[in-house]
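Written below as structure tokens is the structure these notes are about.
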Amino acid sequence: MNDDSNPLMMLIWILPIILFVFYGQRIQLYVTSGEIKKAIKKLDAFREESRNELIDYIKKNTSFEIDSIKKIDRFLDYFTIMPVDMDPNGIVDKVQHTVRSREDYTREHIKILCPQLSDFELTKVQTLLELASSLQMIHKIVNHMFLTAKKQNNYPLILPLQMILPFVMEQAEAMREAIPAFESGQPVGDGIGPMVVGKMMLNCEKQILSFQTALAKTDFENRQLFLLKAEGPGSTVGRPADALEKIVSENTINAIIMVDAALKMEGEESASVAQGFGAAIGGIGTERFQIEAVATTKNIPVFSIVVKQSVKEAITLMTKEIADKADDTRLQVYEMIKENTKEGQSIVVIGVGNTVGVPQ
Amino acid sequence: MIFSKKKIIIAYTIEKCPECNMQRKRKFAKDDVLFSESSKCPSCDVICMIEKIFGESFEQ
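So the sequence lines, in the order shown, correspond to chains Y and W.
Its first residue numbered 1470, the first sequence is counted upward by one per residue in the numbering used here.
Its first residue numbered 11, the second sequence is counted upward by one per residue in the numbering used here.
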């Protein structure tokens, strides 16, 4: 009897086939579950770590009451319901109102919770709270998706989670590593825009033009420059669009130049500088919308200079490579002004990004 | 991974003398912020300005 007709050998071949036909998806579910469980455990540790860091920071800087922990936990669970977009008319104003209301509410309640905190410390606590809250939300969502798939014993349901998990983990790890930089008030990669414009503002008279946004006026080769950046060294991005609206309503502006950090594509060199057109500003999109609206109404060209970096580099302590590009970027701003405007004209230069550790 | 080395990031501050442009690298100290006044330049006796703050990663 050769192997082909041996019933035992046939059984050895057929059994796994039957097993995989009927239980293949379930086996895959178990294998994938193991990987996802590890990631969820990591996310849970990040969540806990960020919460403890926040509580420790507040404890170190203020007189702390036991009741404060409950309030912080309540803040961490806060959610934002975005406006209905079935009718998109006026959606940007609604989104802006919702987001700003949340920011104002958080700021006011941190002030109540820690009245001894200076404005500088307050912005740091607000950012740490946002980081802890985001990590909590990421953990909740990933855990929910996993448990739903597990409960239904549904393998296809776990596939999208498996696919997005590496990207989610990259973001979560970046957020966790961002905590020490914000705690110590060190500049982050995203602060390259404020760093460039902040240096241009040195020795100029400054004024606060809109909420947490500083303006300085100066001259450069017979052109008037309006330099804008978030008010440093606190952890804030300011409201440059509001400030731009004010400047444009009172002056004739011939060009807008925005300096910002931009996400690099895979394979692109970190800290490379690129120039382009259009408003270089991230976030939820409301600031960009406002800047584009002002520029379009007044027919002002918008130029941008960006410093490329990864997600992690953007929110963690600025790397040497990025910091070394500040002078080169500033020279490119001056070059761009000379190339695109004439003498006697006015230009707004906006340093976009989080200005933690970067005054003006 | 068992054999992967742990990466640590150390923050540094670069001070620059406005007179002789000499740059000095030191470890980041609490309350350091960019463009603020720092220690005196050893050669010109002028107050230096913080030019850069950045992190460098090392394997442990």
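Beta carbons: idealized from backbone N, C-alpha and C, even for Gly.
| Query | Result |
| --- | --- |
| Any C-beta of chain Y under 8 Å from that of W/Val56 | no |
| Inter-residue spacing [alpha-carbon to alpha-carbon] between W/Arg36 and W/Ser53 | 17 Å |
| Beta-carbon separation (whole angstroms), Y/Gly1822 vs Y/Gln1655, contact threshold 8 Å | Not quite, the Cβ-Cβ distance comes to about 14 Å (not below 8 Å), so this is no contact. |
| Inter-residue Cα distance where the pair is Y/Leu1477 and Y/Lys1510 | 44 Å |
| For Y/Gln1830, the three-state DSSP class (helix, strand or coil) | Any question about residue 1830 of chain Y goes unanswered here, given that chain Y covers just 1470 to 1829. |
| Below-8 Å beta-carbon distance, Y/Val1827 vs any chain W residue | yes |
| Among Y/Gly1751, Y/Asn1809, Y/Thr1687, Y/Glu1782, nearest to Y/Val1771 - alpha-carbon criterion | Y/Asn1809 |
| Residue interval of the beta strand (DSSP E) (run including W/Glu47) | 47 to 50 |
| Segment contact, 8 Å Cβ cut-off, at least three pairs: the region 1749 to 1756 of chain Y with the region 1708 to 1719 of chain Y | yes |
| Residue from Y/Phe1695, Y/Gly1752, Y/Lys1811, Y/Ala1724 whose Cα sits closest to the Cα of Y/Ala1764 | Y/Ala1724 |
| Pick from Y/Met1787, Y/Leu1694, Y/Ser1773, Y/Gly1747 that is closest to Y/Lys1811, judged by C-alpha positions | Y/Leu1694 |
| Interface residues of chain W facing Y/Leu1697 [CB-CB closer than 8 Å] | Here the premise fails: no neighbours, minimum Cβ distance about 17 Å. |
| 8 Å Cβ cutoff, W/Ile19 in contact with chain Y | yes |
| Every unbroken alpha helix (DSSP H) within the region 1683 to 1759 of chain Y, with a cutoff of 4 residues, ordered by chain | 1709 to 1719 |
| Any chain Y beta carbon closer than 8 Å to W/Lys62 | yes |
| Straight-line Cα distance separating Y/Val1500 from Y/Lys1507 | 12 Å |
| Boundaries (first-last residue) of the beta strand (DSSP E) holding W/Ala21 | 17 to 26 |
| Y/Lys1698 and Y/Ser1739 closer than 8 Å at C-beta | no |
| Those residues which DSSP pairs with W/Met59 across a bridge | W/Lys26, W/Glu47 |
| Simplified DSSP state of Y/Leu1484, which is helix, strand or coil | helix |
| Cross-chain neighbours of W/Glu66 in chain Y, by beta carbon under 9 Å | Thr1788, Lys1789 |
| At least three beta-carbon pairs within less than 8 Å, the region 1788 to 1803 of chain Y to the region 1628 to 1636 of chain Y | no |
| Within chain Y, partners of W/Ser46 - CB distance below 9 Å | Pro1702, Pro1828 |
| contact_flag[the region 1781 to 1790 of chain Y, the region 1732 to 1751 of chain Y] where n(CB pairs < 8 Å) is 3 or more | yes |
| Nearest neighbour of Y/Cys1583, chosen from Y/Met1614, Y/Asp1562, Y/Glu1534, Y/Thr1596 [CA to CA] | Y/Glu1534 |
| Cβ separation of Y/Met1644 and Y/Ser1603, assumed to be a contact under 8 Å, to the nearest whole Å | 6 Å |
| Length of the line joining the Cα atoms of Y/Ile1610 and Y/Leu1634 | 11 Å |
| Bounding residues of the alpha helix (DSSP H) (the contiguous stretch that carries Y/Val1780) | 1780 to 1784 |
| Own chain, CB closer than 8 Å to Y/Ile1538, minus 5 neighbours either side, in chain order | Ile1524 |
| Closer than 8 Å to chain Y by CB, W/Lys40 | yes |
| C-beta atoms of Y/Gln1595 and Y/Gly1701 nearer than 8 Å | no |
| Minimum C-alpha distance to Y/Lys1540 - residue among Y/Gly1820, Y/Val1637, Y/Arg1520, Y/Phe1589 | Y/Arg1520 |
| Candidates W/Val43, W/Cys51, W/Pro28, W/Ile20, of which the one nearest Y/Gly1667 by Cα | W/Val43 |
| Stretch pair the region 1681 to 1689 of chain Y + the region 16 to 35 of chain W: three plus CB contacts closer than 8 Å | no |
| Cα-Cα separation between Y/Ile1560 and Y/Arg1569, rounded to whole angstroms | 14 Å |
| Chain-ordered neighbours of Y/Pro1557 on chain W, where CB pairs are closer than 7 Å | Ordered by position in chain W, no residue passes the 7 Å Cβ test against Y/Pro1557, which lies about 41 Å from the chain. |
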